[in-house]
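**Q** Chains G and X are the protein sequences, given in the same order.
Residues 174 to 434 in the numbering used here are what the first sequence lists, from first letter to last.
Residues 87 to 338 in the numbering used here are what the second sequence lists, from first letter to last.
The beta-carbon is built from N, C-alpha and C at its ideal position, and this holds for glycine as well.
Everything numeric in this text was worked out from a predicted model, so none of it was measured.
Just passing along the structure, written as structure tokens.
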Amino acid sequence: MIGSLVLDPLQRLGRAGTEAVGALGRFGVFLGQALFWLTIPPFKVGQGLQRVWFIGFRSLSVILLTGAFTGMVLGLQGMLMLQRVGSEAFVGPLVAIALVRELGPVLAALMVTGRAGSALAAEIGVMRITEQIDALTVMALNPMRYLVVPILVAGVITLPILTWIFDVVGIFGGYLVTVKLFGLSEGTYFGQIRTLLSTTDIWVGFWKSLAFGVVVTWVACYKGFYVGHGAEGVGRATTEAVVLASVLILVLDYLMGSVLP
Amino acid sequence: MSGPAPAIKIDGLRKRFGSQDVLRGIDLEVTPSELIVIIGRSGGGKSVLLRHMLGLVRPDSGRVVIDGQDVTALRGRALDRVRERFGVVFQGGALFDSLTVLQNVLFPIKEKSGLPMDTIMPRAKEALAQVGLADMGHKFPAEISGGMRKRVAIARALVTEPQVVFLDEPTTGLDPILVNSIHHLVVELHRRFNFTGVMVSHEIPEIFRIAHRVAVLHEGRIRVVGTPPEIEGTDDPIVRQFIHGEMESDGT
Numbered sequence: 174m175i176g177s178l179v180l181d182p183l184q185r186l187g188r189a190g191t192e193a194v195g196a197l198g199r200f201g202v203f204l205g206q207a208l209f210w211l212t213i214p215p216f217k218v219g220q221g222l223q224r225v226w227f228i229g230f231r232s233l234s235v236i237l238l239t240g241a242f243t244g245m246v247l248g249l250q251g252m253l254m255l256q257r258v259g260s261e262a263f264v265g266p267l268v269a270i271a272l273v274r275e276l277g278p279v280l281a282a283l284m285v286t287g288r289a290g291s292a293l294a295a296e297i298g299v300m301r302i303t304e305q306i307d308a309l310t311v312m313a314l315n316p317m318r319y320l321v322v323p324i325l326v327a328g329v330i331t332l333p334i335l336t337w338i339f340d341v342v343g344i345f346g347g348y349l350v351t352v353k354l355f356g357l358s359e360g361t362y363f364g365q366i367r368t369l370l371s372t373t374d375i376w377v378g379f380w381k382s383l384a385f386g387v388v389v390t391w392v393a394c395y396k397g398f399y400v401g402h403g404a405e406g407v408g409r410a411t412t413e414a415v416v417l418a419s420v421l422i423l424v425l426d427y428l429m430g431s432v433l434p
Numbered sequence: 087m088s089g090p091a092p093a094i095k096i097d098g099l100r101k102r103f104g105s106q107d108v109l110r111g112i113d114l115e116v117t118p119s120e121l122i123v124i125i126g127r128s129g130g131g132k133s134v135l136l137r138h139m140l141g142l143v144r145p146d147s148g149r150v151v152i153d154g155q156d157v158t159a160l161r162g163r164a165l166d167r168v169r170e171r172f173g174v175v176f177q178g179g180a181l182f183d184s185l186t187v188l189q190n191v192l193f194p195i196k197e198k199s200g201l202p203m204d205t206i207m208p209r210a211k212e213a214l215a216q217v218g219l220a221d222m223g224h225k226f227p228a229e230i231s232g233g234m235r236k237r238v239a240i241a242r243a244l245v246t247e248p249q250v251v252f253l254d255e256p257t258t259g260l261d262p263i264l265v266n267s268i269h270h271l272v273v274e275l276h277r278r279f280n281f282t283g284v285m286v287s288h289e290i291p292e293i294f295r296i297a298h299r300v301a302v303l304h305e306g307r308i309r310v311v312g313t314p315p316e317i318e319g320t321d322d323p324i325v326r327q328f329i330h331g332e333m334e335s336d337g338t
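In structure tokens form, the structure reads like this:
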């Protein structure tokens, strides 16, 4: 009796531990399998393009909106801060570097997670519980190739593009506030950006957006693929996909930020 | 059993999910070109048994030999080569939501055969016509009724002219008239294509009219296998109770 009182929680803890390690392993193996199938023809180009449309084009409006407002806020706060020290000439580079290195890739990825990542997790989850994934499998058509690889490729293609759009729109948002509202000269704003924004900054942003493209689609596909039972399972998978992808994006942003030049 | 080598031979198949012993040693032989129906209580492991035959679930022990190959031991391409001879009708139809009805039927041949569209399109249209849905090709699965979805699933399963067809409760959720029409369709298509058919069902007594043999799954084992008259006339109290219980509850 007393033995079981001590052992039961221990057993439960052990089981939870092994389950967590197992899930982590499955999560890694899932990406490994997808990368393997990425190298084996035939490639599902049509599927990939459809996903580019879904992840990329249909995220465009939210990227334009958030990009513009992020740039405007950066311009506003930067201007108010830099005016105090008389360095408002540098507001352009402040806006541009913050956007290109950090906020562009991160916020674009978070927006795509919320809009497309959740939808993808739900779509794949429904395909799993309605046996559509099993149907692919028994047709001897690999669901990795037909479903996951096109999504992953679309993520890697679209996120850098969406990030660039976010950056450019953001810089113009900053321009609107600092030049049109605060009366900073246009030449100063863009001139300082040209002088201080380096190609390294642009590369850092690019590598981040590439990595986030993998993270968003990988997490969404994985959570959908290993969905629980019924509608509740799909709901949970969707939520978990958004939470996990968002956390991973922020963690990875810090890690990459500290490793990249 | 004498006669031709079995199309499917299941040997001592066991599967446990957590603390639940679902399959406790299944032995079953399916003869080529026969239509065998597996019946049993719902939640009794019928679908799990079928998923083992499809290589979707791996057993704890035992074998499923199809055309001389143990599908429980195969992986990757080797398993795919066996599956290429399968046609499967899943419980809910499992049609691809993003494709139209015609595209769904076209899908397996388009992806597998590599033949030009003008060769495979007539085949897909013909398959759709065979299930009486020739004019529904442009609709999406969400736009048609449950009975129609099952018919499309049957058309999709048969379009590749498979040697073995698995049907997982193809009539679940349909009214009695539709149940009969689906059964009639299965029999007619079986007569035409002469495939080996394995159907999981709980439609008692309707399946006695279409099955060549019936296998009763009870508590993780095949309790009895036989022709419909043999099963209906059995002395086994559990099977009698099951069949007659189902018939009574069906009648009420």
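1) Can you tell which of X:Leu303, X:Phe281, X:Leu188, X:Pro315 has the C-alpha that lies nearest to the C-alpha of Ile94 of chain X?
2) Would you mind stating whether Leu114 of chain X and Ile125 of chain X have Cβ atoms separated by less than 8 angstroms?
3) Which value, in whole angstroms, describes the spacing of the CA atoms of Leu421 of chain G and Asp374 of chain G?
4) Mind reading off the beta-carbon distance from Arg307 of chain X to Ile112 of chain X? Whole number of angstroms is fine, and I expect it under 8 angstroms.
5) Just by C-beta distance, which residues in the stretch 285–317 of chain G are closer than 7 angstroms to chain B?
6) Out of X:Val325, X:His298, X:Phe328, which one is the CA nearest neighbour of Pro314 of chain X?
7) Based on Cα-Cα distance, which residue from G:Gly287, G:Leu349, G:Ser177 lies nearest to Ile236 of chain G?
8) Here's a check: name, in chain order, each residue in its chain whose Cβ is nearer than 8 angstroms to the Cβ of Val342 of chain G, leaving out the five neighbours to either side.
9) Checking contacts by CB at 8 angstroms: is Val194 of chain X closer than that to chain G?
10) Mind checking whether Gln216 of chain X and Leu275 of chain X have CB atoms under 8 angstroms apart?
11) Taking 8 angstroms as the threshold (beta carbon to beta carbon), is Arg169 of chain X in contact with chain G?
12) Three-state secondary structure (DSSP) at Arg309 of chain X?
13) Considering only the beta carbon of each residue, do Glu261 of chain G and Leu357 of chain G sit closer than 8 angstroms?
14) What would DSSP say about Lys95 of chain X, mapped onto helix, strand or coil?
15) Taking only beta-carbon positions, decide if Ala228 of chain X is within less than 8 angstroms of chain G.
16) Kindly indicate the opening and closing residues of the alpha helix (DSSP H) around Ser291 of chain G.
17) Quick one: what does DSSP say Ala301 of chain X is sitting in, helix, strand or coil?
18) How close, in whole Å, do the beta carbons of Leu249 of chain G and Trp391 of chain G come, if the pair is a contact with beta carbons under 8 angstroms?
19) In whole angstroms, give me the CA-to-CA distance for Leu247 of chain G and Gly347 of chain G.
20) Give the list of continuous beta strand (DSSP E) stretches no shorter than 3 residues that lie fully inside the stretch 228–286 of chain X.
21) Contact criterion: CB-CB distance below 8 angstroms. Does Glu255 of chain X meet it with respect to chain G?
22) Between the alpha carbons of Leu181 of chain X and Lys381 of chain G, how many angstroms are there, rounded?
23) So for Arg169 of chain X, helix, strand or coil by DSSP?
24) Check each candidate in G:Val273, G:Lys217, G:Thr331 and name the one with the smallest Cα separation from Leu369 of chain G.
25) Within 8 angstroms of any Cβ in chain G, is that where the Cβ of Leu142 of chain X sits?
26) Who are the neighbours of Gly339 of chain X on chain G, taking C-beta pairs under 8 angstroms?
27) With distances taken from CA atoms, which of G:Ala410, G:Val387, G:Glu192, G:Gly277 is nearest Pro323 of chain G?
28) Just how far apart, CA to CA, sit Val279 of chain G and Gln206 of chain G?
29) Give a yes or no on whether 8 angstroms exceeds the smallest Cβ distance from Glu197 of chain X to chain G.
30) For Asp261 of chain X, would you say it is in contact with chain G, using Cβ-to-Cβ distances shorter than 8 angstroms as the test?
31) I want to know whether the stretch 329–345 of chain G touches the stretch 195–213 of chain X - three or more CB-CB distances under 8 angstroms.
32) Do the stretch 231–250 of chain X and the stretch 176–190 of chain X meet, that is, are 3 or more Cβ pairs less than 8 angstroms apart?
33) Between Thr338 of chain X and chain G, is there a C-beta pair that is closer than 8 angstroms?
34) Identify the continuous alpha helix (DSSP H) that holds Leu421 of chain G and give its terminal residues.
35) Can you pull the DSSP bridge partners for Arg110 of chain X?
36) Are the C-beta of Gly331 of chain X and some C-beta of chain G separated by less than 8 angstroms?
**A** Taking the coordinates as given:
1) X:Phe281
2) no
3) 21 angstroms
4) 6 angstroms
5) Absence of chain B from the displayed structure is noted, the protein chains being G and X.
6) X:His298
7) G:Gly287
8) Ile236, Leu237, Gly240, Ala241, Gly244
9) Note that residue 194 of chain X is Pro in the sequence shown here, rather than Val. Interface residue, yes.
10) yes
11) yes
12) strand
13) yes
14) strand
15) no
16) 291–302
17) strand
18) That pair is no contact at about 36 angstroms.
19) 7 angstroms
20) 250–254, 282–286
21) no
22) 38 angstroms
23) helix
24) G:Val273
25) yes
26) This structure gives no information on residue 339 of chain X, because the portion of chain X shown stretches from 87 to 338.
27) G:Val387
28) 26 angstroms
29) yes
30) no
31) no
32) yes
33) Summary for Thr338 of chain X: the model assigns pLDDT 41, below 50, so the residue's position carries little reliability; its value from the coordinates is reported in the next sentence. Chain G, which has no Cβ nearer than 8 angstroms to the Cβ of Thr338 of chain X, makes this no.
34) 403–432
35) X:Arg100
36) no
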